[in-house]
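Asks:
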Amino acid sequence: MAHFIPLHRDDPSKAPLVGNIKVTRQDWLNVAKDILISDGIEQVKILPMSDRLGVSRSSFYWYFKTRQDLLDALLDHWEKTNTAALVAKAQAPSRTITQAVNQVFHCVVNPSIFSIPFDFAVRDWARRSDKVRAVLHASEDTRIAAIQAMFQRYEYTEIEALTRARILYYMQNGYNDADLQEPLETRMKMVPHYLYGFTGQHAADDEIRDFRAYCQAVQTGDTP
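Letter by letter, the sequence shown follows residues 8 to 231 in the working numbering.
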């Protein structure tokens, strides 16, 4: 089911629109993303989007030449948000490999930096488009390479780092797909054991406390 997306004109954190501008390029992308997630790529069409935005269809052409131009921009947006976020977390400074993996887990628990529904929608789109499938595969290679490099920073051999990166990445995809709807306490009880399984190392107590605090901050909307 579609949900309300604040437009730039409604978002106090954005600069006010001027003149006759009613929506921005990002507004079009946000609506396209919402429809992709809720209804699939076939329903990402100009007229339904313009109706939802409350503007004329001609407004679309201020920002995009064609529907395909929009779809290309939507795919680029996915790479610059989801893939970029995961890579950034894998590259973030950390004292230990267990702390590093916890930082990658930020993408799992914080939808403001990594949208799991967006990821699954792009995967479904890739089943219908060779072009999107190629982009998806390249993006996944980039993600796994970043996680592999993360392990190698802590003196895992190249092949072990790649193996652990694949286990971590593909297990998490399956975990997300299962949509277990676990309470935070249930998940937190498992985190130390997951970390040991992924890394072969026991996490320090303060690392678990920090991750719990991050998860709680996400739930209350207090994360940066």
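All residues carry an ideal CB built from backbone N, CA and C; glycine is no exception.
Given the structure is predicted, the values throughout are model-derived calculations rather than measurements.
Our contact map puts Y176 next to I151 with C-beta atoms below 8 Å; I'd like the distance itself, whole angstroms only.
Replies: 5 Å
Asks: Taking the alpha carbon of K96 as the point to measure from, which residue in I53, I154 and I42 has its own alpha carbon closest?
Replies: If we check each option's Cα against that of K96, I154 comes out closest.
Asks: Indicate whether L82 and V38 have their beta-carbon atoms separated by less than 8 Å.
Replies: no
Asks: Distance check for P118 and G228, CA to CA, integer angstroms please.
Replies: Straight-line measurement puts the Cα of P118 at about 11 Å from the Cα of G228.
Asks: In whole angstroms, give me the CA-to-CA distance for T193 and L187.
Replies: 11 Å
Asks: Hey, A128 and I44 are a contact pair by Cβ (cut 8 Å); roughly how many whole angstroms apart?
Replies: 5 Å
Asks: According to DSSP, is N37 part of a helix, a strand, or is it coil?
Replies: Looking at N37 - three-state DSSP - the assignment turns out to be helix.
Asks: Could you round the C-beta distance between R32 and Y70 to whole angstroms and report it? I think they count as a contact, below 8 Å.
Replies: 4 Å
Asks: Could you give the DSSP three-state label for I120: helix, strand or coil?
Replies: coil
Asks: Can you grab the Cα-Cα spacing for the pair T90 / A80, in whole Å?
Replies: 15 Å
Asks: Does DSSP classify T162 as helix, strand or coil?
Replies: Reading off the sequence, residue 162 comes out as Glu, not Thr. Reduced to three states, the DSSP call for E162 is coil.
Asks: Quick one: what does DSSP say E189 is sitting in, helix, strand or coil?
Replies: coil
Asks: Which of the three DSSP states, helix, strand or coil, is assigned to V62?
Replies: coil
Asks: Taking the straight line between their C-alpha atoms, what separation do you get for D58 and I48?
Replies: If you take the alpha carbons of D58 and I48, they lie about 17 Å apart.
Asks: According to the neighbour-count rule (16 or more other Cβ atoms, all chains shown, within 10 Å of its Cβ), is Y182 buried or exposed?
Replies: exposed
Asks: Since R219 is in the alpha helix (DSSP H), which residue starts that stretch and which ends it?
Replies: D212 to T227
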